[in-house]
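Take the sequence shown: its letter number 73 is residue 394 in our numbering, and every next letter is one higher.
Worksheet for the structure shown next.
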Amino acid sequence: MTAPDTTAGALPSIPARRGFAEVLARPRVLLGAWAIAAATFASLRVPYDDEWFQITLARDTTWGAFWQSLRGDVHPPWIALVDRATVHLAGAAAMPLTRVVASLLALALIQRVVTEQTRIAPVVVALAAFHPIVFMYGGAARWYPFALLGDALRAHALFGPRAGSRKAMGVFLLGTLVGAASGYAELGLVALDVGWLLALSHTRGRVRASVATAIVASAIAGALVVGSPLFTSHFGLFAHGIGGGWSSTGGWLALGLVGEAWLP
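Printed below as a string of structure tokens:
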């Protein structure tokens, strides 16, 4: 007597589940974990003095006190205006979340740039996001995350998978807008990236498009500075130097320029 055939109608074999370590090693999983951890940390920790300044501006001041306070703070008013709108719509708790989202987008873009230009594995770039400085400032209630996003957008336009394309030119302009709106120091980095854009245009056969993009980017950056209601006040502060004087300001700016100049 033969045994009954049990194979007919049997369910297809199910592949073994991936191990937890293998799943955790995926770049997207790591960046997602970073975003959750950074948002939690930023929401629970006690802000620094300069962060309290930004939070108070957005949450507690009248419009008159808002503009008066910003006259002595040598940063463009655009991020502070975004914060004020964010607090009005979603509450002060949303401020660190907007920073984490900006930082997460920046990290994802930087990961693609590094992968495109080097042989470094994407998982290594994702792990670099957990560096204490990146983790700490990723959700800080200041302008740094938006500056990082602006830099990442321009870097992706210059060195990413679609560098030189029409879409990349639009991304470059977006990076100029975000960067120049976040801080005056970004103007030097925007100028450096415009130089990269023009220098690479010959090898990519995009001279006209690059020149046009450079002109529009310069116009955007200039409009954000000159069009600021605080332009006159901040110009006076710059005319007398910042902090310890022009020597310390120039040194601080030069370090940032040298750092970006060594991008692949």
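For glycine and all other residues, C-beta sits at the position ideal for the given N, C-alpha and C.
Cα-Cα separation, residue i to residue j
i: Asp371; j: Ala533; result: 38 Å
i: Phe456; j: Ser364; result: 13 Å
i: Ser554; j: Gly471; result: 25 Å
i: Pro443; j: Asp381; result: 42 Å
i: Arg487; j: Val499; result: 19 Å
i: Val403; j: Phe374; result: 15 Å
i: Gly564; j: Glu507; result: Caution applies to Gly564, whose pLDDT of 49 falls short of 50 and renders its modelled position unreliable; the value that the coordinates give is listed next. Answer to the nearest angstrom: the Cα atoms are 18 Å apart.
i: Thr524; j: Trp517; result: 12 Å
i: Leu545; j: Arg392; result: 16 Å
i: Arg366; j: Ala360; result: 10 Å
i: Leu332; j: Ser424; result: With a pLDDT of 45 at Leu332, under the threshold of 50, the modelled position of that residue is not reliable, and the figure given next carries that caveat. Distance between the alpha carbons of Leu332 and Ser424: 45 Å.
i: Pro396; j: Glu437; result: Checking the sequence, you will find His at residue 396 rather than Pro. Straight-line Cα distance between these residues: approximately 33 Å.
i: Ile335; j: Leu513; result: Its pLDDT being 45, under 50, Ile335 is placed unreliably in this model, and the value from its coordinates should be taken loosely. C-alpha separation (whole angstroms): 54 Å.
i: Gly412; j: Val511; result: 32 Å
i: Val547; j: Val350; result: 42 Å
i: Asp667; j: Thr383; result: Missing from the structure shown is residue 667; the chain here goes from 322 to 585 and no further.
i: Arg529; j: Gly557; result: 37 Å
i: Ser390; j: Thr439; result: 45 Å
i: Leu430; j: Trp388; result: 34 Å
Distance CB(residue i)-CB(residue j) smaller than 8 Å
i: Gly496; j: Ala478; result: yes
i: Leu469; j: Ala538; result: no
i: Val435; j: Val422; result: no
i: Pro417; j: Gly481; result: no
i: Ile376; j: Trp464; result: no
Rounded distance between the beta-carbons of residue j and residue i, thought under 8 Å
i: Leu428; j: Leu352; result: 6 Å
i: Ala420; j: Ala462; result: For the sequence presented, residue 420 should be read as Arg rather than Ala. That belief holds up - the Cβ atoms of Arg420 and Ala462 are roughly 7 Å apart, short of 8 Å.
i: Pro398; j: Leu551; result: 6 Å
i: Ala386; j: Arg405; result: Their Cβ separation, rounded to whole angstroms, is 12 Å, which puts Ala386 and Arg405 out of contact at 8 Å.
i: Ala542; j: Ala501; result: 4 Å
Nearest neighbour of residue i, chosen from the options [CA to CA]
i: Arg433; options: Ala476, Gln375, Leu551; result: Ala476
i: Ala449; options: Thr553, Val546, Ala354, Ser549; result: Ala354
i: Ser531; options: Leu519, Ile541, Ala542, Ala540; result: Leu519
i: Glu369; options: Tyr458, Val492, Val515, Phe387; result: For clarity, residue 369 is Tyr in the given sequence; the question names Glu instead. Comparing Cα-Cα distances from Tyr369 to each of Tyr458, Val492, Val515, Phe387, the minimum goes to Tyr458.
i: Ser549; options: Ala356, Tyr505, Leu510, Ile536; result: Tyr505
i: Pro466; options: Val350, Ser503, Arg440, Ile441; result: Ser503
i: Val492; options: Trp388, Gly509, Gly393, Leu426; result: Leu426
i: Phe362; options: Ala414, Asp514, Val511, Ala512; result: Ala414
i: Ala489; options: Leu521, Ala512, Gly509; result: Leu521
i: Phe586; options: Asp514, Ile357, Ala512, Gly557; result: In the structure as shown, the chain begins at 322 and stops at 585. Residue 586 is therefore absent and cannot be evaluated.
i: Gly348; options: Ile441, Ala512, Gly557, Phe556; result: Checking the sequence, you will find Pro at residue 348 rather than Gly. Comparing Cα-Cα distances from Pro348 to each of Ile441, Ala512, Gly557, Phe556, the minimum goes to Ile441.
i: Ala540; options: Ala411, Val515, Trp384; result: Val515
Unbroken alpha helix (DSSP H) run spanning residue i, endpoints
i: Leu518; result: 507 to 525
i: Leu428; result: 415 to 438
i: Tyr369; result: Per DSSP, Tyr369 belongs to no alpha helix (DSSP H) and is neither H nor E.
i: Val537; result: 528 to 547
i: Ala461; result: Taken as a continuous stretch (DSSP letters only), Ala461 belongs to no alpha helix (DSSP H), as it is neither H nor E.
i: Leu410; result: 399 to 411
i: Ala447; result: 443 to 449
i: Ser390; result: 384 to 391
i: Leu551; result: Taken as a continuous stretch (DSSP letters only), Leu551 belongs to no alpha helix (DSSP H), as it is neither H nor E.
i: Arg487; result: 487 to 503
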